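The structure appears right after this line, and notes come after that.
Protein chains: 2
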Amino acid sequence: MTPDHLDATFAALADPTRRAILARLASGEASVMELAEPFAMSQPAISKHLKVLERAGLVWRGRDAQRRPRWLEPQPLAEATEWLERYRRIWERNFKRLDALLDELKTTQKRQVDTLLDEVKAKRKKRGRTRR
Amino acid sequence: MTPDHLDATFAALADPTRRAILARLASGEASVMELAEPFAMSQPAISKHLKVLERAGLVWRGRDAQRRPRWLEPQPLAEATEWLERYRRIWERNFKRLDALLDELKTTQKRQVDTLLDEVKAKRKKRGRTRR
DNA sequence: CACTTATATAACCTATCAGTTATGCAAGCT
DNA sequence: AGCTTGCATAACTGATAGGTTATATAAGTG
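Protein chains in written order, with numbering that gives the first Met the number 0: chain A, 0 to 131; chain B, 0 to 131.
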């Protein structure tokens with residue numbers, strides 16, 4: 000939880016491409032090519048983004064033949080969440096509508112989350128082996 | 000919750016000075032001079048940081064004579080929390096220990112946190128697996 | 001071995017960032 | 001009116017971010 004650590008985590012999250020990569024990885028490991036596919040961007044650009052995510056500790060690099068598949072490392076996200084939550088709780092006292100606001104945000108997205116979760120489950124079953 | 004919005008929020012949070020300013024504002028409004036006081040940095044530098052926080056919507060500018068006191072605006076933080084929470088929930092299913100980790104993070108002090116995290120890392124490494 | 005695939009790295013460009021000093025301006029003070 | 005306080009803005013600077021193309025490396029394939 001050093002400041003540097005939080006710096007790197009939040010900075011990594013500040014880019015929409017990187018957030019999309021994390022979202023993709025939430026449903027399982029992926030190679031660089033697979034991660035690059037949805038973006039109108041060169042492969043080296045994606046490799047750079049991945050490097051940023053790795054430096055922040057959000058993502059791990061594996062090896063499988065020539066592939067260097069990435070997966071998620073949840074710990075730094077937990078730290079970032081913890082930081083936000085701490086202040087959120089303080090502000091809850093000052094701003095009573097915050098809780099309601101957050102609930103609202105959560106319910107509007109509940110369906111999306113559930114969909115994603117089902118997706119994850121399906122893929123894991125399909126793969127059969129638990130790489131992680 | 001447009002991407003731009005999250006970009007600006009996370010980018011604003013990526014700087015330790017700005018996080019410190021937010022922490023300070025969590026205990027009430029403050030003038031620019033008051034906010035600048037703890038930092039070895041010029042007043043214009045602080046004004047710039049405040050501008051970043053305002054563009055992210057995290058902070059509000061009031062007016063009181065010559066003072067331009069700042070207040071917190073909790074909504075963007077709630078959105079950022081929500082984003083993190085969404086992925087945290089997904090990962091909870093994959094990494095069962097995450098919840099415990101987060102609880103521990105919440106209740107331990109800074110130094111103990113670092114120790115704990117090292118411990119977790121060590122355990123993970125020891126478990127081995129194809130990672131790394 | 002030569003070829004292909006997957007990825008990383010280097011060199012480069014431009015824009016933005018985080019800081020500086022100097023200056024401007026509005027509001028209160030005497 | 002003139003001085004002081006609080007803050008913003010402009011102009012500058014060096015570093016970093018985010019992209020590019022070209023090239024290098026490493027591993028599987030025929």
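For glycine and all other residues, C-beta sits at the position ideal for the given N, C-alpha and C.
Given the structure is predicted, the values throughout are model-derived calculations rather than measurements.
Between the Cα of B:T8 and those of B:S46, B:R18, B:G27 and B:A55, spot the shortest distance and give me the residue it belongs to. On the second sequence, position 9 is the one that residue 8 of chain B refers to. Selected option, being the one with the closest Cα: B:A55.
Does the separation of the CB atoms of B:L71 and B:L5 fall below 8 Å? On the second sequence, position 72 is the one that residue 71 of chain B refers to. On the second sequence, position 6 is the one that residue 5 of chain B refers to. In terms of Cβ geometry, B:L71 and B:L5 do not form a close pair [threshold 8 Å].
Assuming contact is defined by CB atoms lying nearer than 8 Å, are B:A133 and B:P68 in contact in what I supplied? Limits of chain B in this structure are 0 at one end and 131 at the other, which puts residue 133 of chain B out of reach.
Distance check for A:A10 and A:K50, CA to CA, integer angstroms please. Reading the first sequence from its first residue, position 51 is the one you call residue 50 of chain A. Reading the first sequence from its first residue, position 11 is the one you call residue 10 of chain A. Going by the C-alpha atoms only, they are around 13 Å apart.
If you compare alpha carbons, which of B:V31, B:E33, B:I45 and B:M32 is closest to B:P15? Within the second sequence, the letter at position 16 stands for residue 15 of chain B. The shortest Cα separation from B:P15 among B:V31, B:E33, B:I45 and B:M32 belongs to B:I45.
Are the C-beta of A:E84 and some C-beta of chain B separated by less than 8 Å? Counting from one through the first sequence, the residue named residue 84 of chain A turns up at place 85. Output row for A:E84: interface = yes.
Does any residue of chain B have a CB that is nearer than 8 Å to the CB of A:A77? In the first sequence, residue 77 of chain A corresponds to position 78, counting from 1. Answer yes: the Cβ-Cβ gap between A:A77 and chain B drops below 8 Å somewhere.
Check distances from the C-beta atoms of the region 26 to 58 of chain A to those of chain B and list, in chain order, the residues that come in under 7 Å. Closer than 7 Å at the C-beta level to chain B, one finds no residue of the region 26 to 58 of chain A.
Could you check what DSSP says for B:K109 in three-state terms: helix, strand or coil? For the purposes of this step, residue 109 of chain B is taken as the residue at position 110 of the second sequence. Low local confidence applies: a pLDDT of 38 at B:K109 is under 50, so the model's placement there is unreliable, and no value is given.
Where does A:P43 land, buried or exposed, given buried means 16+ other C-beta within 10 angstroms? Residue mapping note: residue 43 of chain A aligns to position 44 of the first sequence, counting from 1. It is exposed - the Cβ of A:P43 has fewer than 16 other Cβ atoms within 10 Å.
Shorter than 8 Å from the beta carbon of B:A64 to some beta carbon of chain A? Against the second sequence, residue 64 of chain B aligns to sequence position 65. Chain A contact via Cβ: absent.
Just to confirm, are B:L83 and A:A79 a CB contact at a threshold of 8 Å? By 1-based counting over the second sequence, the position of residue 83 of chain B is 84. By 1-based counting over the first sequence, the position of residue 79 of chain A is 80. Against a cut-off of 8 Å, the Cβ pair of A:A79 and B:L83 comes out as a contact.
Please state the DSSP three-state secondary structure of A:L24. What you label residue 24 of chain A is simply residue 25 of the first sequence in a count that begins at 1. Of the three classes helix, strand and coil, the one that applies to A:L24 here is helix, per DSSP.
How would you call A:E81, buried or exposed, if buried means at least 16 neighbouring beta carbons within 10 angstroms? Indexing the first sequence from 1 puts residue 81 of chain A at position 82. By the 10 Å Cβ count, A:E81 comes out buried.
Alpha-carbon to alpha-carbon, B:R18 and B:L12: Sequence index remark: in the second sequence, residue 12 of chain B carries index 13 (1-based). Sequence index remark: in the second sequence, residue 18 of chain B carries index 19 (1-based). Rounded to whole angstroms, B:L12 to B:R18 spans 6 Å at the Cα level.
Listed by chain order, chain A residues near B:P68 by CB distance under 9 Å: Residue 68 of chain B sits at position 69 when you count from the first residue of the second sequence. Within chain A, no residue comes near B:P68; the closest Cβ sits about 15 Å away, beyond 9 Å.
Exposed unless 16 or more other CB atoms sit within 10 angstroms - verdict on A:P37: Indexing the first sequence from 1 puts residue 37 of chain A at position 38. The residue is exposed, with fewer than 16 neighbouring Cβ atoms inside 10 Å.
Mind checking if B:I89 is an interface residue toward chain A, Cβ cutoff 8 Å exclusive? Start at 1 with the first residue of the second sequence, and residue 89 of chain B comes out as number 90. At least one CB atom of chain A sits nearer than 8 Å to the CB of B:I89.
Let me confirm a value: A:R62 is counted as buried when at least 16 other C-beta atoms fall within 10 Å, else exposed. Which label applies? By one-based count along the first sequence, residue 62 of chain A stands at place 63. By the beta-carbon neighbour count (other beta carbons within 10 angstroms, threshold 16), A:R62 is exposed.
Given a cut-off of 8 Å, decide if B:R87 and A:A77 are closer than it, judged by their beta-carbon atoms. Position 78 of the first sequence, counted from the first residue, corresponds to residue 77 of chain A. Position 88 of the second sequence, counted from the first residue, corresponds to residue 87 of chain B. A distance below 8 Å separates the beta carbons of A:A77 and B:R87.
So, helix, strand or coil for A:A13, using DSSP? Within the first sequence, residue 13 of chain A is the residue found at index 14, counting from 1. If DSSP states are grouped into helix, strand and coil, A:A13 belongs with coil.
According to DSSP, what are the bridge partners of B:V51? One-based indexing of the second sequence puts residue 51 of chain B at position 52. The partner list for B:V51 (beta bridge, DSSP) is empty, contrary to what the question assumes.
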